[in-house]
Every structure is written in structure tokens, then in C-alpha cells.
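Participant:
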Amino acid sequence: MSTKKDNFTAKDKKFMKLALDLARARKGLTGDNPSVGCVIVKKGEIISIGQTGYGGRPHAEHNAISNCFEDPKDSKMYITLEPCNHYGKTPPCTKNIIKNQIREVYYPIEDIDLKVKGKSSLILENSNIKAKKGLLKKEALNLYNSYYINRKKKLPYVIGKIALSKNKIIYSDTTKRITNEMSDKLTHYLRFKSDGILITSKTLNIDNPKLNCRLEGYTKLSPKRIILDKNLKINLKSYIVKSIKNKNTIIFYNSNNKTKKNFLTKKGAILIKQSTHGHKNFDLKIILKKLYMKGIKNLLVEGGDQLTKSFLQKVMFNEFYMFKSSKNLLKGNKYVNFTSLDILNTKYNRHKINFKLATDRITIYKN
Ligand code: AOF
Ligand code: ZN
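At position 260 of the sequence shown (counting the first as 1) the number is 516 in the numbering used here, and the numbers step up by one without a gap.
1) Please tell me whether, using a cut-off of 7 Å, the distance from the CB of residue 210 to the nearest non-hydrogen atom of the ligand AOF is below it.
2) Say yes only if the C-beta of residue 367 is nearer than 7 Å to one or more non-hydrogen atoms of the ligand HEM, and no if none qualify.
3) Quick check on the contact list: which residues have their beta carbon closer than 7 Å to a heavy atom of the ligand ZN?
4) Determine the extent of the alpha helix (DSSP H) in which residue 619 is found, giving its start and end residues.
5) Is it the case that the CB of residue 292 approaches a heavy atom of the ligand AOF more closely than 7 Å?
6) Could you please give the first and the last residue of the uninterrupted beta strand (DSSP E) stretch that includes residue 579?
7) Please tell me whether, using a cut-off of 7 Å, the distance from the CB of residue 289 to the nearest non-hydrogen atom of the ligand AOF is below it.
8) Quick test of the definition: if touching needs 3 or more C-beta pairs under 8 Å, does the stretch 360-376 touch the stretch 334-341?
9) At a cut-off of 7 Å, would you count residue 592 as near the ligand AOF, judging by its Cβ distance to the nearest heavy atom?
10) Is it the case that the CB of residue 344 approaches a heavy atom of the ligand AOF more closely than 7 Å?
11) Is the CB of residue 319 under 8 Å away from at least one CB in chain B?
12) Which residue's Cα is closest to the Cα of residue 503: 490, 479, 402?
13) Can you find the residues in the same chain that come closer than 7 Å, C-beta to C-beta, to residue 405, ignoring five residues on each side of it along the sequence?
14) Extract the residue ranges of the alpha helix (DSSP H) inside the stretch 434-460, only unbroken runs of 4 or more that lie entirely within it.
15) Indicate whether the contact test is met: 3 or more Cβ pairs, each with one atom in the stretch 586-595 and one in the stretch 422-436, closer than 8 Å.
16) Measuring straight from C-alpha to C-alpha, what distance separates residue 617 and residue 474?
17) Quick check on DSSP: helix, strand or coil for residue 428?
18) Identify every run of the beta strand (DSSP E) within the stretch 362-397, keeping only runs that are complete inside it and at least 3 residues long; order them along the chain.
19) Does the beta-carbon of residue 520, which I'm using as the reference point, lie nearer than 7 Å to any heavy atom of the ligand AOF?
20) On the DSSP letters alone, give me the boundaries of the alpha helix (DSSP H) that residue 301 sits inside.
21) Between the Cα of residue 550 and the Cα atoms of 521, 507, 583, 511, which residue gives the shortest distance?
22) Taking the straight line between their C-alpha atoms, what separation do you get for residue 283 and residue 449?
23) With residue 495 as the anchor, note down where its beta strand (DSSP E) starts and where it stops.
24) Below 8 Å on the Cβ atoms is my contact criterion, and I expect residue 624 with residue 277 to pass it. Report the Cβ-Cβ distance as a whole number of Å.
25) Which of the three DSSP states is assigned to residue 298 in this structure?
26) How about residue 617: is its Cβ closer than 7 Å to a heavy atom in the ligand AOF?
27) Go to residue 333, then tell me how far its alpha helix (DSSP H) extends in each direction, as first and last residue.
28) Any heavy atom of the ligand AOF inside 7 Å of the beta-carbon of residue 606?
29) For the beta strand (DSSP E) holding residue 610, just list the boundary residues, first then last.
30) Once the 5 residues before and after residue 324 are set aside, which same chain residues still bring their CB inside 7 Å of it?
31) Can you give me the C-alpha to C-alpha distance between residue 387 and residue 381, rounded to a whole angstrom?
32) Closer than 7 Å: is that where the CB of residue 443 sits relative to any heavy atom of the ligand AOF?
33) My assumption, with CB atoms under 8 Å, is that residue 510 sits in contact with residue 531. Please give the rounded CB distance.
34) For the stretch 531-567, which segments carrying the alpha helix (DSSP H) assignment without a break, of at least 4 residues, lie completely within its bounds, in sequence order?
35) What are the start and end residues of the alpha helix (DSSP H) that includes residue 275?
36) According to the Cβ coordinates, are residue 455 and residue 559 closer than 8 Å?
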């Protein structure tokens with residue numbers, strides 16, 4: 257039965273919702289390509305599901321068709337994005353759909369890639385396959401927000417993250433841990449979903465962080481480590497330097513320290529010389545542009561107070577996660593306060609999600 261507002265049935269919505277869940281689960285892990293979900297239904301039963309492969313290929317439709325446990329002839333296909341119709345690194349999905357005689361194809365929105373955009377419905381209709389657009393469009397637009405930013409602005413989708421105590425301290429030399437284990441898991445999930453993680457050498461030298469994803473079994477999918485290090489002050493004995501391998505570390509610098517530069521290059525780090533154009537700090541927009549060109553589509557910024565503030569002030573976070581503990585932190589000899597709450601409350605006040613993870617409170621600000 258179709259609902260009043262559109263011509264889609266509750267079952268259509270259920271299958272598309274599943275396809276969207278599949279796409280969401282792989283989001284951030286498909287490189288250049290959008291993460292797509294696909295569900296194939298025959299006589300009301302699911303006969304296959306598929307997701308875009310890790311790194312972006314094979315496409316979701318290909319995976320779903322290959323995994324069918326029944327002939328997909330005369331089935332319905334629910335895809336979260338317009339299927340591709342061009343020869344890229346893989347052949348057109350429309351061709352595969354036609355070859356397998358799928359009868360109806362549902363997708364919420366058109367692809368924004370101009371090679372593909374808007375052409376698939378005609379191609380499918382010419383082969384007597386019904387193409388139905390618009391099913392759960394709003395949800396799909398939400399899912400593809402990062403893909404849109406990547407393709408339209410040629411920038412990474414940027415998520416910021418900070419952990420603070422009840423008394424708003426983000427660092428104290430008395431205690432290393434601020435938030436609880438569940439919050440840590442969420443942080444590691446954010447790392448898993450990102451292909452780059454950005455900090456300054458100042459934070460690196462103080463915290464000596466690992467910056468990897470420590471969710472069991474997912475360490476291999478840890479993001480690249482990106483360090484802003486204007487004067488090449490990075491501690492060569494730090495964990496990050498010791499664990500440089502396979503171009504997993506990008507360092508932006510503006511220094512003539514040849515010894516350090518040679519050492520880091522020899523270790524396998526990617527060094528990018530970047531002028532500050534007479535300013536105190538790097539222009540973050542230029543950094544983001546360069547990172548996008550280096551393949552970083554989803555960036556997590558785990559900055560200290562100043563880096564976070566710079567991103568917040570320029571409204572350069574697409575999302576910002578604030579983890580707040582219910583405990584006060586002792587100040588000790590050295591401590592750092594979080595000084596951007598007012599910016600969050602003024603510039604990021606439109607979309608806020610609040611929830612509790614045991615004793616911690618998480619607020620996600622969406623731009
Ligand atoms: C789909 N299904 O799962 C994805 C699609 O170079 P190629 O052949 O991999 O094509 C890349 C383009 O395909 C990409 O720019 C985007 O438009 C689309 N992504 N399309 O049919 C998928 N990930
Ligand atoms: Zn495709």
C-alpha cells in the first residue's frame with residue numbers, strides 16, 4: 257500500500273532503508289567513490305544485498321548481482337544512488353542491470369558525478385526497465401553530504417572532536433584520561449571512518465598519541481596521520497615518528513631544518529613544504545585542498561584548543577563531536593581549558609544531537 261505523500265509502498269521503504277543502512281555502514285571506507293548500498297528483491301523476498309567494495313570498487317550493484325542466490329531476472333533493485341552508466345574503472349552498472357533483466361530499479365537521488373548524472377533512467381527505460389526515483393530522498397541526501405562536499409568543493413568532509421572534563425579542561429598533567437571507555441570506542445569508530453587524522457606537532461609532542469584505530473580487528477584501517485609542524489619541532493622519538501611506514505604520515509612544514517627533513521623523508525613520511533604567507537599559522541583552507549588532492553576525503557581533526565578554535569571560527573567543521581565527562585579534572589601544574597564553547601553555541605547551534613554514553617555526554621554539532 258502506498259502512503260499518501262508518494263507512490264512508494266511501505267515495503268519499498270523498508271528495502272531502501274536496508275540499502276541505506278548498508279551504504280552507511282561502509283561510509284568513509286570507499287575512497288573516491290561514494291558508498292552505495294543495494295538490495296535485490298524477487299517476489300517480495302530479498303535475494304541479495306551488496307555494498308560498494310572497500311576502496312570504492314566493485315560497485316554495490318555488481319556485488320549484489322554476483323551474490324544473488326536466485327536468478328535476478330524480473331526482480332526489483334533498490335540502490336541508494338543512481339547506478340552508473342559510464343565506463344570508469346569498472347563497466348556501467350546499468351549494463352549489468354540490463355543484462356540480468358532486472359525489472360524495476362529504485363534510487364532516491366541522481367549521482368552528482370557529471371559523467372553519470374541523470375542519464376541512467378533513460379538508459380534503463382529504453383530497455384524496458386522501470387526506473388523509479390525519489391524513494392527516501394531526504395535520507396539519501398543526508399547520507400551523501402560528504403560525497404557532495406568532496407565532489408563539489410574539492411575538500412575533505414571534516415569532523416572535529418574534543419574531549420573535556422566537567423570543569424572544561426582538555427589537558428592536565430595530572431590525568432591522561434578524560435572520558436570513559438565507551439567514548440573512546442566512539443572516537444576509534446570515528447578514526448576508522450576517516451582516511452586522515454589531523455593534529456599539530458605541539459599536541460603530538462605533549463600527548464605522544466598513537467592516532468590509530470584500536471577497534472578489534474580494524475587497526476589495518478587506521479587513518480593516515482597528518483601533522484601541522486611549521487618549524488619541524490616533531491619529537492623524533494615519538495610513537496608517530498617511530499611508526500612511520502608506507503606513506504602513512506603527511507607532515508606540513510615551513511622550515512629549512514635539513515637534518516630533520518632528511519630523517520623524516522628517509523623514514524617514509526610525505527613532507528609538504530607550505531608557506532604561511534607571512535601569517536603565524538598555515539592557511540587551513542590550503543591544507544584541506546592539498547589533503548583532498550592527496551586522497552583524504554574524510555578528515556578527523558583531533559586538535560588541541562587552538563587548532564580546534566581555528567577550525568571552529570572559520571566554520572570549517574562539517575561535524576563536531578564534543579565528549580564531556582561528568583568529572584572535574586585536577587589542574588595540576590599544567591592544564592589547558594577549552595575556550596570555544598561560545599563559538600559552538602553561536603556558529604554551530606542549528607543542528608545539535610545530544611546523547612549519553614554511560615557517564616559521558618556527547619554533543620554532535622552539525623554544520
Ligand atoms: C555505482 N555504484 O557502488 C558506486 C558508484 O571508476 P568507476 O567505474 O568506479 O566509477 C566511479 C563513479 O561511479 C563515481 O564517480 C560515482 O559517480 C559512481 N559510484 N556508482 O553505480 C557504486 N560507488
Ligand atoms: Zn556502477
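Built from N, CA and C at the ideal position, the CB exists for glycine as well.
Facilitator: For this structure:
1) Since the first residue of the chain shown is 257 and the last is 623, residue 210 is not available in this structure.
2) In the structure shown, the ligand HEM is absent; the only ligands present are the ligand AOF and the ligand ZN.
3) 315, 317, 318, 339, 340, 346, 348, 349
4) Reading the sequence shown from its first residue, position 363 is the one you call residue 619. That residue, residue 619, is in no alpha helix (DSSP H); its beta strand (DSSP E) goes 616-622.
5) Looking up residue 292 in the sequence shown gives position 36. Residue 292: yes, Cβ under 7 Å from the ligand AOF.
6) Position 323 of the sequence shown, counting from 1, holds the residue named residue 579. First-last of the beta strand (DSSP E) with residue 579: 575-580.
7) Translated into positions along the sequence shown, residue 289 becomes position 33. The answer is yes for residue 289.
8) yes
9) Along the sequence shown, one-based indexing puts residue 592 at 336. Because no heavy atom of the ligand AOF lies under 7 Å away, the Cβ of residue 592 does not count as near it: no.
10) Here residue 344 refers to the residue found at position 88 when the sequence shown is read from its first residue. Between the ligand AOF and residue 344, a heavy atom-to-CB distance of less than 7 Å is present.
11) Here there is only one protein chain, and chain B is not present.
12) As a working note, residue 503 is residue 247 in the sequence shown. Taking only the C-alpha atoms, the option nearest residue 503 is 479.
13) Looking up residue 405 in the sequence shown gives position 149. Answer for residue 405: 411, 413, 574, listed in chain order.
14) 437-448
15) yes
16) The sequence position of residue 617 within the sequence shown is 361, counting from 1. The sequence position of residue 474 within the sequence shown is 218, counting from 1. Answer to the nearest angstrom: the Cα atoms are 25 Å apart.
17) Taking the sequence shown and counting its residues from 1, the one referred to as residue 428 is at position 172. In this structure, residue 428 counts as strand in the three-state DSSP scheme.
18) 386-389
19) Counted from its first residue, the sequence shown places residue 520 at position 264. No, Cβ of residue 520 sits at least 7 Å from all heavy atoms of the ligand AOF.
20) Against the sequence shown, residue 301 aligns to sequence position 45. It is not in any alpha helix (DSSP H) - residue 301 instead sits in the beta strand (DSSP E) that spans 301-307.
21) By one-based count along the sequence shown, residue 550 stands at place 294. Among 521, 507, 583, 511, the Cα nearest to that of residue 550 is on 507.
22) Counting from one through the sequence shown, the residue named residue 283 turns up at place 27. Counting from one through the sequence shown, the residue named residue 449 turns up at place 193. Straight-line Cα distance between these residues: approximately 7 Å.
23) Here residue 495 corresponds to residue number 239 of the sequence shown, with the count starting at 1. Where residue 495 is concerned, there is no enclosing beta strand (DSSP E), although the alpha helix (DSSP H) it sits in stretches over 495-498.
24) Since the first residue of the chain shown is 257 and the last is 623, residue 624 is not available in this structure.
25) Within the sequence shown, numbered from 1, the residue matching residue 298 stands at position 42. Residue state, collapsed to three classes: strand.
26) Translated into positions along the sequence shown, residue 617 becomes position 361. Flag unset: Cβ of residue 617 not near the ligand AOF.
27) One-based indexing of the sequence shown puts residue 333 at position 77. Looking at the DSSP string, residue 333 is not in any alpha helix (DSSP H); the run it does join, the beta strand (DSSP E), is 332-335.
28) Indexing the sequence shown from 1 puts residue 606 at position 350. The answer is no for residue 606.
29) Numbered from 1 along the sequence shown, position 354 holds the residue referred to as residue 610. Counting along the chain, the beta strand (DSSP E) containing residue 610 begins and ends at 607-613.
30) Residue mapping note: residue 324 aligns to position 68 of the sequence shown, counting from 1. Only 296, 303, 304 meet the Cβ criterion.
31) Mapped onto the sequence shown, residue 387 falls at position 131. Mapped onto the sequence shown, residue 381 falls at position 125. If you take the alpha carbons of residue 387 and residue 381, they lie about 7 Å apart.
32) If you number the sequence shown from 1, residue 443 lands on position 187. For the ligand AOF, not one heavy atom lies less than 7 Å from the Cβ of residue 443.
33) For this step, residue 510 is matched to residue 254 along the sequence shown. For this step, residue 531 is matched to residue 275 along the sequence shown. That pair is a contact at about 6 Å.
34) 540-549
35) On the sequence shown, residue 275 is found 19 positions in, with the first residue counted as 1. Run containing residue 275: 266-282, per the alpha helix (DSSP H) assignment.
36) Locating residue 455 in the sequence shown gives position 199, counting from the first residue. Locating residue 559 in the sequence shown gives position 303, counting from the first residue. For residue 455 and residue 559, yes; Cβs fall inside 8 Å.
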